[in-house]
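With numbering that gives the first Met the number 0 as the guide, the letters of the sequence shown map in order to residues 0 to 430. Heads up: the structure comes next, in structure tokens.
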Amino acid sequence: MLNVRSALLHKKPEAKTVTKLTCLAAILLSSTGIAQAADGLSIESWRSDDANIWSDVIIPAFNKSHPDTKVNFAPTPPTEYNSALQAKLKAGSAGDLITCRPFDTALDLYKDGYLANLNDLEGLKQFSDVAKSAWVTDDGKDQFCMPVASVLHGFVYNKEIFEELNLSIPKTRDEFFSTLETIKTESRYIPLAMGTADQWEAATMGFQNIGPNYWKGEKGRKALLTGEAKLTDKAYVDTWKELSEWKPYLGRGFEAQKYSDSQNLFTLGRAAIYPAGSWDIQTFNNQADFEFGAFPPPVAKSGDTCYISDHTDMGIGINANSTNKEAAKVFLNWMASKEFATLYANAVPGFFPLSNHQIDIKDPVAQEFMSWRQQCESTIRNSYQILSRGTPNLENQLWNVSAQVINGTMTPEAAAKETQDGLEQWYKPQQ
Numbered sequence: 000m001l002n003v004r005s006a007l008l009h010k011k012p013e014a015k016t017v018t019k020l021t022c023l024a025a026i027l028l029s030s031t032g033i034a035q036a037a038d039g040l041s042i043e044s045w046r047s048d049d050a051n052i053w054s055d056v057i058i059p060a061f062n063k064s065h066p067d068t069k070v071n072f073a074p075t076p077p078t079e080y081n082s083a084l085q086a087k088l089k090a091g092s093a094g095d096l097i098t099c100r101p102f103d104t105a106l107d108l109y110k111d112g113y114l115a116n117l118n119d120l121e122g123l124k125q126f127s128d129v130a131k132s133a134w135v136t137d138d139g140k141d142q143f144c145m146p147v148a149s150v151l152h153g154f155v156y157n158k159e160i161f162e163e164l165n166l167s168i169p170k171t172r173d174e175f176f177s178t179l180e181t182i183k184t185e186s187r188y189i190p191l192a193m194g195t196a197d198q199w200e201a202a203t204m205g206f207q208n209i210g211p212n213y214w215k216g217e218k219g220r221k222a223l224l225t226g227e228a229k230l231t232d233k234a235y236v237d238t239w240k241e242l243s244e245w246k247p248y249l250g251r252g253f254e255a256q257k258y259s260d261s262q263n264l265f266t267l268g269r270a271a272i273y274p275a276g277s278w279d280i281q282t283f284n285n286q287a288d289f290e291f292g293a294f295p296p297p298v299a300k301s302g303d304t305c306y307i308s309d310h311t312d313m314g315i316g317i318n319a320n321s322t323n324k325e326a327a328k329v330f331l332n333w334m335a336s337k338e339f340a341t342l343y344a345n346a347v348p349g350f351f352p353l354s355n356h357q358i359d360i361k362d363p364v365a366q367e368f369m370s371w372r373q374q375c376e377s378t379i380r381n382s383y384q385i386l387s388r389g390t391p392n393l394e395n396q397l398w399n400v401s402a403q404v405i406n407g408t409m410t411p412e413a414a415a416k417e418t419q420d421g422l423e424q425w426y427k428p429q430q
């Protein structure tokens with residue numbers, strides 16, 4: 000996730016040329032038959048950072064129980080993946096297994112006949128409806144990718160700073176803002192490390208992080224889809240109201256602060272709390288020289304049900320034109336196992352298996368994030384399923400208005416009206 004975000008936010012001028020060359024290479028590969036090996040399985044993926052994990056850990060583990068099935072992990076750089084995959088699928092050279100992005104990107108591949116129907120896949124029984132929601136048709140009838148991993152949202156904190164200031168982990172909103180005020184008035188540290196220059200953090204680590212506690216997770220998200228709820232409702236206005244209250248604690252010049260700047264402020268020990276996505280764990284493990292922990296979004300009052308964004312990030316499906324469909328199903332069923340879930344969670348801390356298995360995670364911060372699934376109700380980002388298909392795009396609107404609310408240039412009520420007006424322009428249930 001981190002690499003995808005960085006790449007999307009810092010595109011180089013020659014990106015189109017690189018993409019064209021990647022697509023050309025994909026087509027040329029079709030004549031050699033490299034992508035879809037006749038004697039084994041090939042996996043298409045954008046997770047190039049995980050290549051060694053697959054070749055050294057995951058595939059060898061699978062081969063212990065399936066020694067006769069050769070598996071090749073063949074990733075493409077994340078920013079080139081969608082276009083390169085399309086080129087390979089059209090040319091008939093794509094691998095047997097397709098790593099699926101969530102919602103519409105994968106749904107379009109299924110509609111175009113490139114992904115096989117997985118309704119009869121035994122391994123799907125290991126996943127909840129929420130986990131499967133990112134790779135199912137709008138009517139809920141057809142599953143076309145199996146869930147693999149999600150990312151969770153919350154707050155990461157510097158344990159040394161908390162100890163120095165004698166702070167406890169905040170569990171309620173009042174405690175959260177009291178903690179921020181103590182850090183601001185009694186230390187040299189920045190209370191919250193987040194900027195608004197790139198905008199997406201304001202929505203992803205702000206709005207979508209604290210919001211589920213206001214709109215009650217899946218209940219509220221689904222009510223937006225049916226039209227029973229509107230973005231002008233109190234739950235959404237109150238979410239933006241809380242975000243507006245972050246401003247005094249974000250540090251000088253936060254309006255010009257980019258995602259990487261916020262990461263640096265935290266890893267250099269200059270900020271106490273970081274509104275986080277769990278994908279940040281690996282970066283902090285590599286760069287921070289202090290102990291850090293995590294806590295979930297604080298609730299209104301002690302004892303309230305907590306809701307977390309446990310966002311479906313990655314699935315895997317079968318190429319509808321694969322000549323190795325049965326072997327591919329065997330591999331997917333193995334990926335639905337506790338063995339795979341344990342291997343993956345520990346190899347890539349911060350990316351959490353979506354299966355229902357109870358697993359042991361060695362990384363303490365990843366373990367903390369994962370534990371919230373047992374304490375809180377899970378939901379996904381409310382703009383991802385269906386609601387960002389039209390124009391204006393709700394996800395992009397949320398980036399913009401959430402950043403403006405934090406900056407103090409837009410009121411919470413205006414943010415609610417602008418996003419609701421946008422939905423009403425194209426989404427029938429909201430008209």
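Glycine included, C-beta positions come from ideal geometry on N, C-alpha and C. Computed from a predicted model, the values in this text were never measured in an experiment.
Short check: CB of residue i to CB of residue j, under 8 Å?
i: residue 206; j: residue 277; result: no
i: residue 137; j: residue 116; result: no
i: residue 371; j: residue 307; result: yes
i: residue 101; j: residue 383; result: yes
i: residue 73; j: residue 94; result: yes
i: residue 342; j: residue 56; result: yes
i: residue 260; j: residue 194; result: yes
i: residue 365; j: residue 354; result: no
i: residue 120; j: residue 131; result: no
i: residue 432; j: residue 238; result: Beyond the ends of the chain as shown, which are 0 and 430, falls residue 432; an answer cannot be given.
i: residue 105; j: residue 144; result: yes
i: residue 344; j: residue 358; result: yes
Around the C-beta of residue i, are 16 or more other C-beta atoms found within 10 angstroms, so that it is buried, or is it exposed?
i: residue 361; result: exposed
i: residue 352; result: buried
i: residue 112; result: exposed
i: residue 408; result: exposed
i: residue 401; result: buried
i: residue 178; result: buried
i: residue 184; result: exposed
i: residue 110; result: exposed
i: residue 427; result: exposed
i: residue 163; result: exposed
i: residue 262; result: buried
i: residue 301; result: exposed
i: residue 165; result: exposed
Skipping 5 residues on each side, what residues in its chain have a beta carbon closer than 6 Å to that of residue i?
i: residue 255; result: 196
i: residue 286; result: 266
i: residue 394; result: 382 and 387
i: residue 309; result: 149, 151 and 377
i: residue 279; result: none
i: residue 135; result: 142
i: residue 155; result: 273, 275, 291 and 293
i: residue 311; result: 101, 133, 149 and 379
i: residue 192; result: 261, 264, 265, 270 and 273
i: residue 37; result: Residue confidence for residue 37 is low, a pLDDT of 48 falling below 50, so the modelled location carries little weight; the figure read from the coordinates is stated next. So the list is empty, once near-sequence residues are dropped.
Straight-line CA distance for residue i to residue j?
i: residue 51; j: residue 303; result: 43 Å
i: residue 168; j: residue 347; result: 26 Å
i: residue 227; j: residue 216; result: 15 Å
i: residue 147; j: residue 212; result: 25 Å
i: residue 170; j: residue 153; result: 12 Å
i: residue 405; j: residue 252; result: 12 Å
i: residue 281; j: residue 430; result: 43 Å
i: residue 373; j: residue 89; result: 43 Å
i: residue 305; j: residue 62; result: 41 Å
i: residue 200; j: residue 222; result: 25 Å
i: residue 248; j: residue 399; result: 20 Å
i: residue 418; j: residue 54; result: 44 Å
i: residue 299; j: residue 79; result: 42 Å
i: residue 420; j: residue 396; result: 11 Å
i: residue 422; j: residue 391; result: 7 Å
i: residue 425; j: residue 224; result: 13 Å
In its own chain, which residues sit with a C-beta less than 8 Å from the C-beta of residue i, not counting the 5 before and 5 after it?
i: residue 317; result: 95, 96, 97, 114, 115, 117, 324, 327, 328 and 331
i: residue 27; result: Summary for residue 27: the model assigns pLDDT 40, below 50, so the residue's position carries little reliability; its value from the coordinates is reported in the next sentence. Cβ neighbours of residue 27 beyond the five flanking positions: none.
i: residue 40; result: 68, 69, 70, 71, 94, 95, 96, 323, 326, 327 and 330
Can you list, in chain order, the residues of its chain whose CB lies under 7 Å from that of residue i, leaving out five sequence neighbours each side?
i: residue 236; result: 411, 412 and 415
i: residue 234; result: 213, 214 and 219
i: residue 188; result: 160, 182, 269, 270 and 271
i: residue 295; result: 153, 305, 307, 371 and 375
i: residue 174; result: 297
i: residue 190; result: 179, 182, 183, 248, 271 and 272
i: residue 240; result: 411
i: residue 320; result: 91
Let me check you understand the geometry: is the CB of residue i closer than 7 Å to at least one non-hydrogen atom of the ligand COA?
i: residue 183; result: Among the components modelled here there is no ligand, and therefore nothing to report on the ligand COA.
Practice item. Write down every uninterrupted run of the alpha helix (DSSP H) in the region 245 to 329 whose length is 4 residues or greater and which is fully enclosed by it, in chain order. Key: Taking only runs of at least 4 residues, the alpha helix (DSSP H) segments lying wholly in the region 245 to 329 are 258 to 266 and 279 to 286.
Exercise for review: Please go through the region 62 to 99 and give each complete beta strand (DSSP E) segment of 3 or more residues, from N-terminal end onward.
Suggested key: List check, beta strand (DSSP E) in window: 69 to 74 and 96 to 99.
Check your understanding: Which runs of the alpha helix (DSSP H) fall wholly inside the region 361 to 419 and span at least 4 residues, in chain order?
Key -> Within the region 361 to 419, the complete alpha helix (DSSP H) runs of at least 4 residues are 363 to 374 and 393 to 406.
**Study point:** Whole runs of the beta strand (DSSP E) within the region 166 to 247, excluding any shorter than 3 residues
**Key:** Listed in chain order, the complete beta strand (DSSP E) runs (minimum 3 residues) inside the region 166 to 247 are 189 to 191.
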